[in-house]
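*Asks:*
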Amino acid sequence: MPENDSRSSSEVVAIRQYNPKTDSKQVEQVENSCEVGPIAELSLYTHLLGDPICRIRNSPAYLMLVAEMVDDGGAGEEKREIVGMIRGCIKTVTCGTKYSRSKTLPVYTKLAYILGLRVSLFHRRMGIGSKLVSRMEEWFAGNGAEYSYIATDDANGASVSLFTGKCGYTKFRTPSVLVHPVFAHRLHVSNRVTIVKLTLSDAESLYRHHFSTTEFFPRDIDAVLNNQLNLGTFLALPKQYIWAGSDKFLSDPPENWAVMSVWNCNDVFKLEVKGASKLRKGFARTTRVVDRALPFLRLPSLPKIFSPFGLHFLYGFGGSGPLYTRFAKSLFGFAHNLAKECKCGVIATELSSEDPLKLAIPHWKVLSFTDLWCIKRLGEDYSDGSVGDWRKSQPGLSIFVDPREF
Ligand SMILES: CC(C)(COP(=O)(O)OP(=O)(O)OC[C@H]1O[C@@H](n2cnc3c(N)ncnc32)[C@H](O)[C@@H]1OP(=O)(O)O)[C@@H](O)C(=O)NCCC(=O)NCCS
1 MPENDSRSSS
11 EVVAIRQYNP
21 KTDSKQVEQV
31 ENSCEVGPIA
41 ELSLYTHLLG
51 DPICRIRNSP
61 AYLMLVAEMV
71 DDGGAGEEKR
81 EIVGMIRGCI
91 KTVTCGTKYS
101 RSKTLPVYTK
111 LAYILGLRVS
121 LFHRRMGIGS
131 KLVSRMEEWF
141 AGNGAEYSYI
151 ATDDANGASV
161 SLFTGKCGYT
171 KFRTPSVLVH
181 PVFAHRLHVS
191 NRVTIVKLTL
201 SDAESLYRHH
211 FSTTEFFPRD
221 IDAVLNNQLN
231 LGTFLALPKQ
241 YIWAGSDKFL
251 SDPPENWAVM
261 SVWNCNDVFK
271 LEVKGASKLR
281 KGFARTTRVV
291 DRALPFLRLP
301 SLPKIFSPFG
311 LHFLYGFGGS
321 GPLYTRFAKS
331 LFGFAHNLAK
341 ECKCGVIATE
351 LSSEDPLKLA
361 IPHWKVLSFT
371 DLWCIKRLGE
381 DYSDGSVGDW
391 RKSQPGLSIF
401 VDPREF
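Residue 379 in full-length UniProt numbering sits at position 379 of the sequence shown, with consecutive numbering throughout.
(1) Considering only their Cβ atoms, is the gap separating L200 from N226 smaller than 8 Å?
(2) Can you tell me whether DSSP reads S134 as helix, strand or coil?
(3) Should N156 be counted as a contact of ligand 1 given a C-beta to heavy atom distance under 7 Å?
(4) Touching or not, the segment 360-372 and the segment 342-351, by the rule of three or more beta carbon pairs under 8 Å?
(5) To the nearest angstrom, how far is it from the Cα of N19 to the Cα of D154?
(6) Cβ-heavy atom distance between S130 and ligand 1 below 7 Å?
(7) Can you tell me whether L162 sits near ligand 1, meaning its C-beta is under 7 Å from at least one heavy atom of the ligand?
(8) Taking 7 Å as the line, does the beta carbon of M64 fall inside it for any heavy atom of ligand 1?
(9) Is it buried or exposed for F317, if we count other Cβ within 10 angstroms and need 16 for buried?
(10) If you reduce the DSSP assignment to three classes, tell me which class R377 lands in.
(11) Would DSSP call N256 helix, strand or coil?
(12) Hey, out of A14, Y207, I195, whose CA is closest to P106's CA?
(13) Say yes only if the C-beta of E35 is nearer than 7 Å to one or more non-hydrogen atoms of ligand 1, and no if none qualify.
(14) Counting along the chain, where does the alpha helix (DSSP H) carrying H47 start and finish?
(15) Is T287 a contact residue of ligand 1, with contact defined as CB to any heavy atom under 7 Å?
(16) Suppose only complete runs of 3+ residues qualify. What are the beta strand (DSSP E) ranges in the segment 312-400, listed by chain order?
(17) Throw me the rounded Cβ distance for the V262 and H312 pair, which I believe falls under 8 Å.
(18) Cβ of I150 versus every heavy atom of ligand 1: is any distance shorter than 7 Å?
(19) Go through the segment 82-130 residue by residue and report every complete run of the alpha helix (DSSP H) that reaches 4 residues or more, in order.
(20) Would the C-beta of S159 count as close to ligand 1, meaning under 7 Å from any of its heavy atoms?
(21) Along the chain, where does the beta strand (DSSP E) that runs through L63 open and close?
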């Protein structure tokens, strides 16, 4: 049953579950009218390609709620308008580690994630956003989630104030979203490195072996890797190393190596930067024309970001050895060239604020930003043992950003 909140004698706001048969058009209209964050002094918008639950449907459990303004006009002729929505999903992730028989093991928690909260421009500051959050949190708690978190652009004042104020979240982690345009020319990949595409089982073994104790590592990593949006896991190895499967690699790895996976957001949603002047658009177009005509000059150029564009998300970056960051950079070049073939506008990755890789991965500052992750404990009676209250823990060197939620 929808929950009602009286606004005036004839208007109420009802919160109910999203119905794909009747709501998708209206939801997309609200979505298209909401800026999701600034890029320099411009605004970023999302296009969901007709599927409003595209950003949550790959998670193990998910829900989308809509806020509907219901006006009975006082004369029995009811008008309904969708004015806001929220998506949420739940999964199990690593929140810390414990030691057992001289091994470091992950400690898991059931974690909920809020994303895609939008309220139409004309209905803001009426309490609709906070109502959507609290209804979503009821669903999280009812499904056993121990914590809820959200990611928002640090510069998004309304969102930061909503969550850290009324909704009771605390600032938790501040990873960096690094964004790089896809040029019309290919990037150079070092010929001292071999790049191997791993089988799903090799990728899973490697990730579980090396990353399961990393904060936010999803326990269902196999489902992530098996998803059709996952374009593959790639391992950069020294040229002379002969790849013979993950067992051999894990027992006797080369001194330097790096790994990375690629997620195809291009088929799920598009982004668009709005608010640019004609001059700026013209300049961007010119850089592109020159880059396309003379690729051997390797000139940096701006793709068409002023009309809807897609992206690939690079996740699960990691590795080992003194030259590890150089190997990671080769993977980045490889991923850029793959994104070029797939006609993406940009490639993006998200790394912990403490991650040394942050300095090595090429990105454009003007397109990149700090992501603010805020967290809330949904109850006080959890037995998270050695980890205690996760909200109070120190950040590690890296985090595992789940591509399903980017
Ligand atoms: C963020 C957003 C969802 C807030 O929705 P809303 O319905 O206006 O929020 P509420 O009315 O429930 O606001 C609750 C509290 O949040 C804070 N808040 C909301 N908007 C704010 C703003 N523009 N500036 C400062 N504080 C704000 C206030 O403390 C407010 O309480 P108050 O009105 O009593 O002062 C809405 O602004 C929006 O859709 N923005 C664009 C999309 C977006 O950024 N989504 C968040 C991504 S995670």
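Glycine included, every Cβ here is placed at the ideal spot set by N, Cα and C.
Since we're looking at a predicted model, the values are computed, not measured.
*Replies:* Reading off the structure:
(1) yes
(2) helix
(3) yes
(4) yes
(5) 32 Å
(6) yes
(7) yes
(8) no
(9) buried
(10) strand
(11) coil
(12) Y207
(13) yes
(14) Element bounds for H47: not the alpha helix (DSSP H) but the beta strand (DSSP E), 42-47.
(15) no
(16) 346-351, 369-377
(17) 5 Å
(18) yes
(19) none
(20) yes
(21) 61-71
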